[in-house]
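Report on the following structure.
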Amino acid sequence: MTKILMVCLGNICRSPLAEGILKSKLPKNKFLVDSAGTASYHVGNSPDVRSIAVAKKYGLNISNLKARQFIADDFNVFDYIYVMDTSNYNNVIALASNKTDKTKVNYILNTVYPDQNYDVPDPYYGGNQGFENIYKMLNEACTIIAKDLI
């Protein structure tokens, strides 16, 4: 089974949305998709209501997800680790214990714009349109990830 982890800051906006989107594009019996945050502020919380709403708009239910913090052992569990921005990348790489761990980590938007290391903006402090915008970015990236993996 191939295991993929989506990572953002608090695991309540971008990464649970990416998790839900990618899960909807991959066969459940062959792939495990999860998400985590680099910070512990929201551990145990459900996704932001705006992430839940935009997911629901597109037929996805992410309301049952619970935030958790990224840990070093995630390198042993996951085959691919997609981060949302430079801060997340740096925080995840800091926990890597070897080169193999580091090769598992990539910016999610590098699937769309190879080697550009573009950030998925954090919509937390913005309005609903920010969540709509990141849904579209993440959907495009997850479509490419799914095509590459299937």
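Per UniProt numbering, residue 1 is the first one in the sequence shown, and the count goes up by one each step.
Backbone N, C-alpha and C fix where the C-beta goes; we use that ideal spot for every residue, glycine too.
Just so it is clear, the structure is predicted and the values come from calculations on it, not from any experiment.
One Cα belongs to residue 86, the other to residue 109, and the distance between them is close to 11 Å. Residue range 74-77 is occupied by the alpha helix (DSSP H) that includes residue 77.
The alpha-carbon of residue 102 is positioned some 6 Å away from that of residue 96. In the structure shown, residue 48 falls within a coil segment according to DSSP collapsed to helix, strand and coil. The beta carbon of residue 92 lies closer than 7 Å to those of 7, 38, 70, 81, 83 and 105 in the same chain, with the five residues before and after it left out.
C-alpha of residue 49 to C-alpha of residue 128: approximately 10 Å in a straight line. Cβ neighbours of residue 132 within its own chain (closer than 7 Å, five residues either side excluded): 54. Counting the other CB atoms within 10 Å of its CB gives residue 64 a total below 16, which places it among the exposed residues.
The C-alpha of residue 130 lies about 5 Å from the C-alpha of residue 123. Runs of beta strand (DSSP E) with 3 or more residues, each lying fully within the region 6-93, are found at 31-37 and 80-83, listed in chain order. Assignment of beta-bridge partners to residue 144 by DSSP yields no partner.
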